[in-house]
Amino acid sequence: MTEKLYYYNAYRTVFEGIVRTCRKSRDGYHIVLNQTLFYPEGGGQPGDMGSLGGAAVLDVQEKDGEVIHVTDAPLEAGLQVKGEIDWAHRFDLMQNHSGEHILSGIICKKYGCDNVGFHMGRERIIIDFNAQIPREDVPWLEGEGNRAIWENTPLEISFPAQEQLERLEYRSKLALSGEVRIVQAGAYDCCACCGTHVKLAGEIGMIKIVGIQNYKGGTRLEILCGKRALGYFQKIHEAAAQVGKALSVQAEQIDGGVQKLFKERDMLLQEGKKWKWEVFHHRIEKLPADGENILIFEPGLSGKDMTSLADMALEKTGGRAMVMTMGENGFSFVLVSRKMDAKALAEELKKAFDCKGGGKEGAVQGKLFGAKEEIFSFFEARGFHFAG
Ligand SMILES: [Zn+2]
């Protein structure tokens, strides 16, 4: 069994230990010491990083009471080595793990539920509860969690004796046996946990819920604490400030600014639609009504526009209509025919040009690549009249 120094002092960063074993493995070297400050991945908390006897510690795992340090270089058995944990990484995990305890304590008490999942990811902390948490409760929950921070609530670690433990009300994911490590955060939370925690809640800085969704009949929360919460706020604030600058409003008012912009956009779209129809009708009015075949070219048409224009032309002439517009590369087209030969015409088109498309006897749409003049000549040769 490795002696777990991190259990008793989460703030110590340097220690010395004796190498017991060193085994080469696929992911590096597996080093076991007599004692360690390196926290192994477990209980939702990732392992520590740092250095050990000059080697980089890439991962830390626990197996059968032994802490295994995965390093990038071998260390000789029997050697006394100095280990140093990456404090920035450790403190980030302490801030977030302690913040999670306080918030989970508040939530489990309020909704009479359990914390059924916990994962500290690189980006966010995920906590699952077996209760429905209404979205509108989020500001209150954040307020309560942060109140514990403002009160600088102490987080105390203890290993109570069995009879004391039996009387204690504490949260636990597993039915525990043997020595139990209890983390008490004032009246906010009491939980069995093996993780590393801050001494005073003030060190957490802030608890922020950044995501809430229904999950397996309960609720999944995404939270950020401490430096991560500040980083999130800075990112969101910068984005809001940029949007505000573009809209000429304060960052806090971008919601109203965007709503106004959408309204203006909808009005312009309506107006544009009206004008488009005017132009279409004007164009169709001039077409003959004698079964003629019409070729229309108009840049900037959507697929829907082309179909509408082609249908309107057909309605008027009763013949065939080919509507073309500039595509991303080449042309897009809609070809319709009252004579039910659009598909046959498209087949001829495919022989003469690089052309992709499909449809029914009465209507075909697709893409066409080639010189505009040559395409026009193709249709002129088949009795089509160019109508602008
Ligand atoms: Zn914990």
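Mapped onto numbering that gives the first Met the number 0, the consecutive letters of the sequence shown carry residue numbers 0 to 387.
C-beta atoms are modelled at their ideal positions from N, C-alpha and C, and glycine is treated no differently.
query                                                                                                                                                       : result
Kindly indicate the opening and closing residues of the beta strand (DSSP E) around GLY256.                                                                 : Not the beta strand (DSSP E): GLY256 falls in the alpha helix (DSSP H), residues 253 to 284.
At the level of alpha carbons, what is the spacing between GLU141 and SER50?                                                                                : 37 Å
Are the CB atoms of ASP47 and ASP85 nearer to each other than 8 Å?                                                                                          : yes
Considering Cα atoms alone, identify which of ARG25, HIS96, GLU135 is closest to PRO73.                                                                     : ARG25
Taking a contact to mean a Cβ-Cβ separation below 8 Å, would you say LEU267 touches GLY329 in this structure?                                               : no
Pick out whichever of GLN34, PHE37, CYS224, PHE158 has its Cα sitting closest to the Cα of ALA147.                                                          : CYS224
Keeping to the same chain, check which residues put their C-beta closer than 6 Å to that of LYS355; ignore five residues upstream and five downstream.      : GLY365, LYS366
Rounded to whole angstroms, what is the Cα-Cα separation between GLU263 and TRP276?                                                                         : 20 Å
Return helix, strand or coil for SER247, following the three-state DSSP convention.                                                                         : coil
Per the DSSP calculation, LYS62 is bridged to which residue(s)?                                                                                             : GLU65
Taking the beta carbon of SER103 as the centre, do at least 16 other beta carbons fall within 10 Å, making it buried, or is it exposed?                     : buried
Mapping the DSSP letters down to three states, classify ASN114 as helix, strand or coil.                                                                    : strand
Can you check whether the CB of ILE125 is closer than 8 Å to the CB of ILE106?                                                                              : no
Between GLY210 and the rest of its own chain, which residues show a CB-CB distance below 6 Å, the 5 nearest in sequence each way excluded?                  : GLU221
With C-beta atoms as the reference, is ARG101 less than 8 Å away from ALA184?                                                                               : The question names Arg, but residue 101 is Ile in the sequence shown. In contact: ILE101 and ALA184 (Cβ atoms closer than 8 Å).
Given that a residue counts as buried once 16 or more other Cβ atoms are within 10 Å of its Cβ, and exposed if not, what is LYS244?                         : exposed
Just to confirm, is the Cβ distance from THR195 to TYR7 under 8 Å?                                                                                          : no
Does ligand 1 have even one heavy atom less than 7 Å from the beta-carbon of CYS112?                                                                        : no
Leaving out five residues before and five after GLN249 in sequence, what residues of the same chain have Cβ atoms less than 7 Å from its Cβ?                : GLY243
What number of angstroms, rounded off, separates the C-alpha of LYS359 from the C-alpha of ALA345?                                                          : 10 Å
So is the beta-carbon of CYS21 under 7 Å away from any non-hydrogen atom of ligand 1?                                                                       : no
Nearest to MET321 by CA position, among MET205, ARG381, TRP274, HIS281, is which residue?                                                                   : ARG381
Touch check for the segment 63 to 80 and the segment 6 to 22: three-plus C-beta pairs under 8 Å?                                                            : yes
Considering only heavy atoms of ligand 1, list every residue whose Cβ is less than 5 Å from one of them, following chain order.                             : CYS192, GLY194
Apart from the five residues on each side of it in sequence, which residues of its chain come closer than 8 Å, Cβ to Cβ, to TYR10?                          : LYS198
Can you check DSSP and say which residues form a bridge with ASN328?                                                                                        : Bridge partners of ASN328: none, in fact.
In this structure, what does DSSP give as the bridge partners for GLN94?                                                                                    : DSSP lists no partner for GLN94.
Which value, in whole angstroms, describes the spacing of the CA atoms of LYS303 and PHE332?                                                                : 11 Å
Let me confirm a value: LYS207 is counted as buried when at least 16 other C-beta atoms fall within 10 Å, else exposed. Which label applies?                : buried
Counting along the chain, where does the alpha helix (DSSP H) carrying SER307 start and finish?                                                             : 302 to 316
Using C-beta distances below 7 Å, list every residue in its chain close to THR306, excluding the 5 sequence neighbours before and after it, in chain order. : VAL333
To the nearest angstrom, how far is the alpha carbon of GLU122 from that of GLN212?                                                                         : 17 Å
Terminal residues of the continuous alpha helix (DSSP H) containing GLU379?                                                                                 : 371 to 379
Which term fits HIS281, buried or exposed, when burial requires 16 or more other beta carbons within 10 angstroms of its beta carbon?                       : exposed
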